[in-house]
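Worksheet for the structure shown next.
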Amino acid sequence: MNLMSKENTDRAEKSIEQINVVGVKVLEQNGINVEELVKALVYNASVEFAAYYYFTNLRMHCTGTEGESIKGIIEDARLEDLSHFESCLSRIYELGGRLPNDAEEFIRISGTEFLQLPSPDPTNLKEILEKCLKAEQGAIVNWNKVCNMTIGKDPATYDVAKDILREEIEHEAWFLEMLYKRPSAHIRRKYPGERPHTHKHSRSLDI
Ligand SMILES: [Fe+2]
Ligand SMILES: [Fe+2]
């Protein structure tokens, strides 16, 4: 990089930091720790992204006649996790955050290795369902935390977090029903990818 272009880059970086971002400033005035909030959102985004990947692989291993009905449930949950990843991206960048440049680091921070296939039998349906349930319960904790951080202070992020939380609670209920016969009300979506609560936050997934 020559001296001239380095000066231009420095100037551009400085000016980005110095830009008056009212959408962030008002949150700080409302008592939000923006850095902490961005950290929580990036972490949650990594969990949703990794869960989408792992659910895809787990679903492929739901074999046999019994596995067929479980495949449908995991499909609904998996596509909504992708919606959850998409849904929180705007807020990360609007708040001045960004995703890690290294995709491996992004997956690593999710801590979702427990979603790897059951061993020694990767088609053990009960174990697959238990893993899915654990993922949904973790997601509830994650999004409930963001709701608590933003309620009454950051309506834009709260709006996203509470809609994601609503779907995670439904996902938990589905897997509880599959595992323990605890009724979950409407177990199936009208169609895979319906995402009734988050579709407005993830319109990029609309075909
Ligand atoms: Fe999710
Ligand atoms: Fe979920």
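Going by the working numbering, the letters in the sequence shown line up with residues 1315 to 1521, in that order.
Note that the Cβ used here is the ideal one computed from N, Cα and C, for glycine as well.
Keep in mind it's a predicted model, so treat the numbers as computed, not measured.
- Counting other Cβ atoms within 10 Å of its Cβ, Asn1456 reaches 16 or more and is therefore classed as buried.
- Excluding residues up to 5 positions away in sequence, Glu1491 lie with their Cβ nearer than 8 angstroms to the Cβ of Pro1497 in the same chain.
- Between Leu1447 and Val1340, the alpha-carbon positions lie close to 38 angstroms from each other.
- For Val1335, there is no enclosing alpha helix (DSSP H), as DSSP marks it with neither H nor E.
- Three or more beta-carbon pairs separated by less than 8 angstroms link the region 1373-1384 to the region 1439-1453, which places the two stretches in contact.
- Ligand 2 never approaches Glu1491 closely enough for any of its heavy atoms to be under 7 angstroms from the residue's Cβ.
- If you check the CB distance, Thr1464 and Ala1453 do not come in under 8 angstroms.
- By the Cβ rule, the region 1416-1424 counts as touching the region 1345-1364, because three or more pairs are nearer than 8 angstroms.
- For Arg1502 and Asn1462, the gap between their C-alpha atoms comes out near 29 angstroms.
- Cα atoms of Pro1469 and Pro1506: separation of roughly 29 angstroms, rounded to the nearest angstrom.
- In the structure shown, Tyr1505 falls within a coil segment according to DSSP collapsed to helix, strand and coil.
- For Glu1349, the shortest separation between its Cβ and any heavy atom of ligand 2 does not lie below 7 angstroms.
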